[in-house]
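A short worksheet on the structure shown next.
Number of protein chains: 2
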Amino acid sequence: MDQDDDQRQRTEVTLREVSAAVGLGMSTISRVLRNHGSFSKATRDRVMKAVEELGYVPNRIAGTLASSGSNLVGIVIPSLHNIVFPDLLSGAAVALNPIGFQTVIAVTDYDIEQEQKVIQSMLAWRPAAFLVAGLEHTERTRAMLKNSGVRIAELLDTDGEGIDIVVGFSQREAGAASARHLIERGYRRIGYVGPEFSFDPRARKRFEGFSAVIAEAGASVAETELIGRTSSTEVGRAALERMLARNPSLDAVYFSNDDFAVGGLFHCFASKISVPSQLAIMGFNGLDIGRFAPQPLTTVRTPRTEIGEIGARMVMAQGGAKVVDIPFELVRGATT
Amino acid sequence: MDQDDDQRQRTEVTLREVSAAVGLGMSTISRVLRNHGSFSKATRDRVMKAVEELGYVPNRIAGTLASSGSNLVGIVIPSLHNIVFPDLLSGAAVALNPIGFQTVIAVTDYDIEQEQKVIQSMLAWRPAAFLVAGLEHTERTRAMLKNSGVRIAELLDTDGEGIDIVVGFSQREAGAASARHLIERGYRRIGYVGPEFSFDPRARKRFEGFSAVIAEAGASVAETELIGRTSSTEVGRAALERMLARNPSLDAVYFSNDDFAVGGLFHCFASKISVPSQLAIMGFNGLDIGRFAPQPLTTVRTPRTEIGEIGARMVMAQGGAKVVDIPFELVRGATT
DNA sequence: GTAATATTTGGCAGCGCTGCCAAAATTGTG
DNA sequence: CACAATTTTGGCAGCGCTGCCAAATATTAC
Numbered sequence: 256m257d258q259d260d261d262q263r264q265r266t267e268v269t270l271r272e273v274s275a276a277v278g279l280g281m282s283t284i285s286r287v288l289r290n291h292g293s294f295s296k297a298t299r300d301r302v303m304k305a306v307e308e309l310g311y312v313p314n315r316i317a318g319t320l321a322s323s324g325s326n327l328v329g330i331v332i333p334s335l336h337n338i339v340f341p342d343l344l345s346g347a348a349v350a351l352n353p354i355g356f357q358t359v360i361a362v363t364d365y366d367i368e369q370e371q372k373v374i375q376s377m378l379a380w381r382p383a384a385f386l387v388a389g390l391e392h393t394e395r396t397r398a399m400l401k402n403s404g405v406r407i408a409e410l411l412d413t414d415g416e417g418i419d420i421v422v423g424f425s426q427r428e429a430g431a432a433s434a435r436h437l438i439e440r441g442y443r444r445i446g447y448v449g450p451e452f453s454f455d456p457r458a459r460k461r462f463e464g465f466s467a468v469i470a471e472a473g474a475s476v477a478e479t480e481l482i483g484r485t486s487s488t489e490v491g492r493a494a495l496e497r498m499l500a501r502n503p504s505l506d507a508v509y510f511s512n513d514d515f516a517v518g519g520l521f522h523c524f525a526s527k528i529s530v531p532s533q534l535a536i537m538g539f540n541g542l543d544i545g546r547f548a549p550q551p552l553t554t555v556r557t558p559r560t561e562i563g564e565i566g567a568r569m570v571m572a573q574g575g576a577k578v579v580d581i582p583f584e585l586v587r588g589a590t591t
Numbered sequence: 256m257d258q259d260d261d262q263r264q265r266t267e268v269t270l271r272e273v274s275a276a277v278g279l280g281m282s283t284i285s286r287v288l289r290n291h292g293s294f295s296k297a298t299r300d301r302v303m304k305a306v307e308e309l310g311y312v313p314n315r316i317a318g319t320l321a322s323s324g325s326n327l328v329g330i331v332i333p334s335l336h337n338i339v340f341p342d343l344l345s346g347a348a349v350a351l352n353p354i355g356f357q358t359v360i361a362v363t364d365y366d367i368e369q370e371q372k373v374i375q376s377m378l379a380w381r382p383a384a385f386l387v388a389g390l391e392h393t394e395r396t397r398a399m400l401k402n403s404g405v406r407i408a409e410l411l412d413t414d415g416e417g418i419d420i421v422v423g424f425s426q427r428e429a430g431a432a433s434a435r436h437l438i439e440r441g442y443r444r445i446g447y448v449g450p451e452f453s454f455d456p457r458a459r460k461r462f463e464g465f466s467a468v469i470a471e472a473g474a475s476v477a478e479t480e481l482i483g484r485t486s487s488t489e490v491g492r493a494a495l496e497r498m499l500a501r502n503p504s505l506d507a508v509y510f511s512n513d514d515f516a517v518g519g520l521f522h523c524f525a526s527k528i529s530v531p532s533q534l535a536i537m538g539f540n541g542l543d544i545g546r547f548a549p550q551p552l553t554t555v556r557t558p559r560t561e562i563g564e565i566g567a568r569m570v571m572a573q574g575g576a577k578v579v580d581i582p583f584e585l586v587r588g589a590t591t
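Protein chains in written order, with the numbering used here: chain A, 256 to 591; chain B, 256 to 591.
Written out as structure tokens, the structure is:
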């Protein structure tokens with residue numbers, strides 16, 4: 256029906272057509288458009304006018320193929336539902352957009368097999384660089400990345416071997432610092448709530464650092480609740496409830512992130528458990544929601560945006576492989 | 256230093272080299288790789304083996320140029336820091352990934368000029384389709400999109416004129432439904448907290464629907480607090496505080512999203528304002544954080560993930576232009 | 001004025017792949 | 001075994017652009 260009305264511009268406008276319209280060679284048009292090489296002011300105006308009139312949109316696919324160099328930066332993260340990762344992206348965008356680079360985002364759902372798949376398909380687009388969350392990858396992923404010749408930065412975690420650039424902080428040390436805080440404040444019967452270690456290596460490392468310090472202090476983590484892939488208020492709340500049902504004598508609970516911790520806090524409010532006198536609550540990440548809770552949450556503020564930004568800058572710069580540590584900060588609220 | 260060690264595979268492996276290695280023509284290799292056309296089982300195995308050994312990664316840039324058809328879908332959203340948009344993306348990914356399409360995400364920061372820019376640069380990559388949040392665009396954006404020939408779906412809002420496909424719900428009606436709820440429950444001195452109307456047209460439309468119903472009921476919105484670009488607990492909390500300082504007689508406040516509303520709820524907890532007897536709180540979006548607050552928040556659950564999924568499906572399908580309404584749902588909690 | 005120099009422009013090959021079609025190899029038929 | 005039908009394979013043009021270099025034109029020097 257009405258295929259006449261629906262006259263989609265079947266024939267895309269190409270450089271050649273602009274060239275014909277202006278009466279100049281294709282190379283000249285191309286130079287003007289990329290503002291590269293020399294051409295007269297008059298030429299420039301004529302070209303721009305024609306481009307405008309014809310509605311020409313340069314074809315970057317052809318351009319990239321011809322010049323071998325895309326303006327795409329691949330970013331690979333486990334999830335978008337944990338504020339950490341949007342923050343990382345914002346940071347990267349701050350560094351990348353002004354220099355004309357576009358980000359292509361892929362989500363792995365905390366699955367390194369899935370990560371391998373998405374990296375493989377991104378590689379097919381020959382990105383200028385890669386930003387990947389974490390240091391844990393399949394062997395094949397590591398190999399692909401290595402001999403792709405693409406610059407890569409691994410973000411958020413410095414506890415391990417990187418492929419090229421690594422920007423982050425020691426997750427282990429962050430866990431340890433959290434434990435030191437709880438120990439100093441006198442807590443001894445401590446619980447832990449976090450994601451299954453199998454899929455979140457950073458949470459695992461934090462836990463290792465955490466429990467090592469607790470053990471040194473002559474205590475041990477009395478209870479743990481390990482939960483699935485969703486970082487949410489709901490599961491944090493439910494986990495704390497279960498944990499306290501099992502072991503009401505706990506005096507502090509460490510949550511692997513603030514979403515969980517706020518859920519825990521909600522449980523305490525709802526069950527009239529007074530915080531921190533009956534039970535201390537500590538989170539991780541320094542989310543807004545925790546900072547502005549009725550009782551501000553004690554947490555560790557992580558430099559996510561900076562990590563994204565610095566990672567992006569480094570990956571675009573020349574220099575050799577490096578590890579950059581961006582410090583986290585323990586923020587005491589009113590819950591410990 | 257050690258440029259010998261650092262032997263990055265300068266010469267990328269190409270189809271031609273695979274072809275040479277296997278001793279078959281390039282077209283044959285290409286057919287095997289795309290599993291398209293016919294070839295013998297033996298050939299297939301030989302090719303796959305060589306591909307594996309050489310570490311060949313097909314160059315989609317060349318492929319797309321030659322076949323004119325990319326597997327990229329552009330998604331344009333105002334922010335990643337409002338859970339609405341990650342949800343939209345997840346929905347789209349569910350529909351797109353299984354059929355081999357990759358999403359390229361761009362963020363506009365609620366700025367339609369910025370939107371124009373990002374759409375222009377995405378267009379340069381000749382995406383197979385576009386998913387864009389909202390109906391409000393610059394004239395130029397609309398024109399570019401129209402004669403790009405790329406299929407486009409506008410998401411989240413059905414109050415207005417779409418370019419092609421529109422999937423969402425009536426924001427105005429959602430606001431009106433919220434107002435009806437508050438009126439029915441007997442509230443009359445009502446406040447509103449939301450983003451500046453200038454940059455968030457959907458919030459504006461909700462407010463319009465909301466205030467129209469309030470007016471019909473013989474009341475009017477007694478107080479409004481309009482705030483900047485950040486949707487966060489903090490600003491919601493501060494806004495409510497200011498509002499109540501000005502006008503302590505309010506009996507209900509409608510927040511334009513749950514983040515704000517939870518901030519308001521926190522203010523009430525902290526200031527010992529009893530909810531809902533002294534003050535009713537209502538939010539919008541149906542976020543986890545609101546549902547599992549000590550007092551579950553009354554809110555409107557919006558079908559974000561479905562909208563993303565259905566939008567993606569429609570944009571990939573044939574059919575003509577359409578408007579699809581995905582219903583929202585008012586969820587009464589314990590705060591009204 | 002001409003020669004030397006600087007600026008602007010055009011032509012053409014080729015980036016790595018796919019689509020098309022014809023050639024070669026394989027299988028089936030009487 | 002010849003011939004037709006079918007399956008598998010290869011050759012080549014060309015997608016739209018850029019990089020290179022040479023040609024044309026403008027500018028300056030003497």
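The beta-carbon is built from N, C-alpha and C at its ideal position, and this holds for glycine as well.
By the C-beta criterion, the stretch 353 to 368 of chain A is judged to be in contact with the stretch 323 to 334 of chain A, since at least 3 inter-stretch pairs fall below 8 Å.
For Asp412 (chain A), the enclosing beta strand (DSSP E) covers residues Arg406 to Asp412. CA-to-CA, the gap between Gly417 (chain B) and Gly566 (chain B) works out to about 13 Å. DSSP places Asp513 (chain A) inside the alpha helix (DSSP H), whose first and last residues are Asp513 to Ala525.
The Cβ-Cβ distance between Ala384 (chain B) and Met498 (chain B) does not fall below 8 Å.
At a cut-off of 8 Å between beta carbons, Phe583 (chain A) makes no contact with chain B. When C-beta atoms of the stretch 481 to 491 of chain A are compared with those of the stretch 442 to 452 of chain A, three or more pairs fall below 8 Å, so the two segments count as touching. With its beta carbon less than 8 Å from one in chain B, Ala548 (chain A) belongs to the interface. A Cβ-Cβ separation of about 11 Å leaves Leu390 (chain B) out of contact with Ala408 (chain B) under the 8 Å criterion. Chain-ordered, the chain B residues with CB closer than 7 Å to the CB of Gln357 (chain A) read Ser376.
Interface annotation, Thr413 (chain B): not in contact with chain A, CB-CB separation never under 8 Å. Counted as a single uninterrupted DSSP element, the stretch harbouring Glu463 (chain B) is not any beta strand (DSSP E) but the alpha helix (DSSP H) occupying residues Pro456 to Glu471.
Relative to the Cα of Leu495 (chain B), the nearest Cα in the group B:Ala516, B:Arg271 and B:Leu585 belongs to B:Ala516. Of the candidates A:Gly310, A:Leu400, A:Val578 and A:Val586, A:Val578 places its Cα closest to the Cα of Phe424 (chain A). Under the 10 Å beta carbon count, Glu471 (chain A) is surrounded by fewer than 16 other beta carbons and is classified as exposed. Contact with chain A is absent for Leu495 (chain B), since none of that chain's Cβ atoms lies less than 8 Å from the residue's Cβ. The beta carbon of Pro558 (chain A) lies closer than 6 Å to those of Ile581 in the same chain, with the five residues before and after it left out.
In this structure, the beta-carbon distance from Ile420 (chain B) to Ala576 (chain B) falls below 8 Å.
As computed with DSSP, Tyr509 (chain B) is found in a beta bridge with B:Tyr447 and B:Met537. In the three-state reduction of the DSSP assignment, Ala474 (chain A) falls in the coil class. For Ile544 (chain B), the enclosing alpha helix (DSSP H) has its first and last residue at Asp543 to Arg546. For Thr560 (chain B), there is no enclosing beta strand (DSSP E); the residue is found in the alpha helix (DSSP H) stretching over Arg559 to Met571. In this structure the stretch 542 to 555 of chain A touches the stretch 503 to 519 of chain A; the number of beta carbon pairs closer than 8 Å is three or more. In this chain, the beta strand (DSSP E) harbouring Gly329 (chain A) covers Leu327 to Ile332. At the C-beta level, Gly473 (chain A) and Gly430 (chain A) stay beyond 8 Å of one another. Counting only residues of its own chain and dropping the five nearest sequence neighbours on each side, Ser345 (chain A) has a CB closer than 8 Å to the CB of Thr560 and Gly563. With respect to the 8 Å criterion, Ala477 (chain A) and Arg444 (chain A) are classified as neighbours on the basis of their beta carbons. Taking the beta carbon of Asp543 (chain B) as reference, the chain A residues within 7 Å of it are Ser487, Thr488 and Glu489, listed in sequence order.
Short of 6 Å from the beta carbon of Arg440 (chain A), and not among the five residues preceding or following it, lie these beta carbons of its own chain, in chain order: Thr591.
Under the Cβ distance rule, His336 (chain A) counts among the residues neighbouring chain B, one pair being separated by less than 8 Å. Beta-carbon to beta-carbon, Leu279 (chain B) and Thr298 (chain B) are separated by about 7 Å, close enough to satisfy the 8 Å threshold. As DSSP reads the structure, Glu370 (chain B) sits in no beta bridge. Cβ neighbours of Ile536 (chain B) within its own chain (closer than 8 Å, five residues either side excluded): Ala507, Val508, Phe510, Ala516, Gly519, Leu520, Cys523, Val530, Leu552, Thr553, Thr590 and Thr591. Think of a sphere of 7 Å around the beta carbon of Arg381 (chain A): the chain B residues whose beta carbon falls inside it are Asn314 and Ile316, in chain order. Secondary structure of Gln357 (chain A) (DSSP, three-state): strand. Of all alpha-carbon atoms in B:Ser487, B:Ala500, B:Arg435 and B:Leu481, the one lying nearest the alpha-carbon of Ile469 (chain B) is that of B:Arg435.
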